[in-house]
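Input: a single structure, listed below in structure tokens.
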Amino acid sequence: MSLNEYENDTAYHRPVMLRECLEALDLQPGGCYVDVTFGGGGHSARILEHLTTGHLYSFDQDADAEREASTLARPQFTFIRSNFRDLFAELKRHGALPVDGLLADLGVSSHQFDTPERGFSTRFEGPLDMRMNAEDGPTAADIIAEYSQDELHRIFGMYGEVTNARTLAATVVAARRGQSITTIGALKKAIASCMPRGKENKYLAQVFQALRIEANDEMAALQEMLLQTAQVLRPGGRLVVMSYHSLEDRLVKNFMAKGKFFGEAEKNLFGHTNTPFEVLTRKPVEASPEEVALNPRSRSAKLRIAVKKE
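Under the working numbering, think of the first position of the sequence shown as 100, with each following residue one higher.
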């Protein structure tokens, strides 16, 4: 992709590694494809440009994404307002099985990060929300208020990889006794003593990542979706997944290589590995220096590609 193409994207429509994702899907004009993370619609819009008699089904649980999807209305496009953990059931309901390719961009959209009232970014003041579907489920504020110290320790350590997770959890519990921690500013103030000097921004990003993952049950949803890809993709179909932190990438890497998330791959009676996919990327594809310079959020992206075995 040229630099001019990046510059023509809006903040809402700035898809990461667009060219690489499109090439990975091996798009055919008459093919059936799924974008399980519509977001701002950047990837979906470009996939649609390659289709004639084919069809694209895009998933997202966010009402803002649904409104954005209305701008792409055409016969070749269907938007599905649902969590991607409902992948198989929704595609079956739409008579869309099997599909030729599936794309999952697991990052939070630019629009979500840049909307203060969604609570995803440490840059703004706003409510501690962080829900992908702002109409359902617990908020980050609910987690801060209701989780036990042990539960907070678990999510800060596991999902945020915070080094002083135990101290952080104890600090949150102590702080909430005297006040309601419902805003980004209140949380920052409550945990200021835990932040390493000079690394405050990185620390806050880890804390916010942990709360966001827990609020949206992201790890369980990802595993459920990946397990269903073997059912929805036709033999020869492409599985293209872009992750942004090590927890996601590890699950994707293990699933593509082993057909499972933990432990060793199962083998048949002849000692051959029994997995549904063949991995096409021994190492993950990463954004170019030019793209990172224009879109810093692409810095941590890792793209992995696999093909469903015949």
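Beta carbons: idealized from backbone N, C-alpha and C, even for Gly.
Short Cβ contact (8 Å threshold) for residue i with residue j
i, j, result
"Val-135", "Phe-183", "yes"
"Ser-342", "Leu-205", "yes"
"Tyr-258", "Leu-346", "yes"
"Val-351", "Phe-187", "no"
"Ser-143", "Gln-160", "no"
"Ala-320", "Glu-234", "no"
"Ile-243", "Ala-314", "no"
"Leu-201", "Thr-328", "yes"
"Pro-237", "Thr-281", "no"
"Lys-407", "Arg-333", "yes"
"Gly-138", "Leu-117", "no"
"Phe-178", "Ala-168", "yes"
"Ala-268", "Leu-251", "yes"
"Leu-190", "Tyr-156", "yes"
"Arg-113", "Asn-394", "yes"
"Asp-228", "Arg-217", "yes"
"Glu-224", "Ile-312", "no"
"Gln-322", "Phe-360", "yes"
For residue i, the nearest candidate out of the options (CA to CA)
i, options, result
"Arg-222", "Asp-163, Arg-166, Leu-286, Leu-202", "Leu-286"
"Pro-383", "Val-339, Pro-395, Gly-362, Glu-363", "Val-339"
"Phe-255", "Leu-196, Gln-308, Gln-322, Glu-409", "Gln-308"
"Ser-399", "Lys-408, His-344, Ile-179", "His-344"
"Arg-376", "Met-355, Glu-165, Asp-316, Leu-393", "Per the sequence shown, residue 376 should be read as Phe rather than Arg. For the residues Met-355, Glu-165, Asp-316, Leu-393, the minimum Cα distance to Phe-376 belongs to Met-355."
"Gly-130", "His-149, Cys-120, Arg-118", "His-149"
"Ala-289", "Gln-248, Arg-275, Gly-297", "Arg-275"
"Gln-305", "Gln-278, Leu-325, Thr-262, Arg-296", "Thr-262"
"Asp-348", "Glu-389, Arg-192, Glu-299, Ala-203", "Ala-203"
"Pro-197", "Pro-395, Arg-337, Gly-362", "Arg-337"
"Arg-173", "Thr-152, His-193, Leu-393", "Thr-152"
"Pro-128", "Cys-120, Glu-122, Glu-119, Leu-147", "Leu-147"
"Arg-220", "Ala-273, Arg-265, Tyr-302", "Looking at the sequence provided, one finds Ser at residue 220 rather than Arg. Taking only the C-alpha atoms, the option nearest Ser-220 is Tyr-302."
"Ala-273", "Arg-296, Thr-380, Gln-248, Lys-366", "Gln-248"
"Thr-372", "Leu-379, Thr-380, Glu-363", "Glu-363"
"Arg-381", "Leu-326, Asn-353, Lys-359, Lys-298", "Asn-353"
"Val-207", "Asp-185, Ala-195, Glu-122, Asn-232", "Asn-232"
"Glu-260", "Leu-325, Ala-291, Leu-310, Gln-322", "Leu-310"
"Leu-379", "Glu-365, Val-391, Gly-335", "Gly-335"
"Met-324", "Arg-296, Cys-293, Lys-298, Gly-358", "Gly-358"
"Ala-264", "Tyr-246, Glu-245, Cys-293, Gly-277", "Cys-293"
Paired residues, beta bridge with residue i - DSSP
i, result
"Ala-405", "Leu-338, Val-378"
"Gly-200", "Tyr-132, Arg-337"
"Phe-366", "Per the sequence presented here, residue 366 reads as Lys, with Phe not at that position. For Lys-366, which the question treats as bridged, DSSP gives the partners Thr-372."
"Pro-383", "DSSP, once it has assigned bridges, lists no residue as partnering Pro-383."
"Leu-346", "BP columns for Leu-346 are empty, so no partner."
"Pro-226", "Thr-282"
"Leu-332", "Val-198"
With 16 other Cβ atoms within 10 Å as the buried cut-off, status of residue i
i, result
"Glu-409", "exposed"
"Arg-166", "exposed"
"Glu-106", "With a pLDDT of 36 at Glu-106, under the threshold of 50, the predicted position of this residue should be treated as unreliable, though the coordinate-derived value follows. By the 10 Å Cβ count, Glu-106 comes out exposed."
"Thr-374", "buried"
"Tyr-132", "buried"
"Ser-279", "exposed"
"Arg-403", "buried"
"Ala-110", "For Ala-110, the pLDDT reaches just 45, beneath the cut-off of 50, and the residue's location in the model is therefore unreliable, leaving the point undetermined."
"His-154", "buried"
"Arg-192", "exposed"
"Ala-405", "buried"
"Ala-230", "As written in the sequence, residue 230 is Arg, which differs from the Ala given in the question. So Arg-230 ends up on the buried side."
"Ala-386", "buried"
"Ala-291", "exposed"
"Ala-164", "buried"
"Glu-119", "buried"
"Ala-392", "exposed"
"Glu-390", "buried"
Interface flag, residue i vs chain C, CB-CB below 8 Å
i, result
"Tyr-132", "You won't find chain C in this structure, because it holds only one protein chain."
Subject >> Every unbroken alpha helix (DSSP H) inside the stretch 106-152 [4 residues or more] >> reply: Those alpha helix (DSSP H) runs which fall completely within the stretch 106-152 and span 4+ residues are 117-124, 141-148.
Original post:
At what residue ranges does the stretch 150-195 contain a whole run of the alpha helix (DSSP H), taking only runs of 4 or more?
Top reply: 162-168, 186-192, all fully within the stretch 150-195.
**OP:** Run through the stretch 258-322 for me and flag every whole alpha helix (DSSP H) of 4 or more residues, listed as ranges in chain order.
**Re:** Those alpha helix (DSSP H) runs which fall completely within the stretch 258-322 and span 4+ residues are 264-275, 283-289, 299-315.
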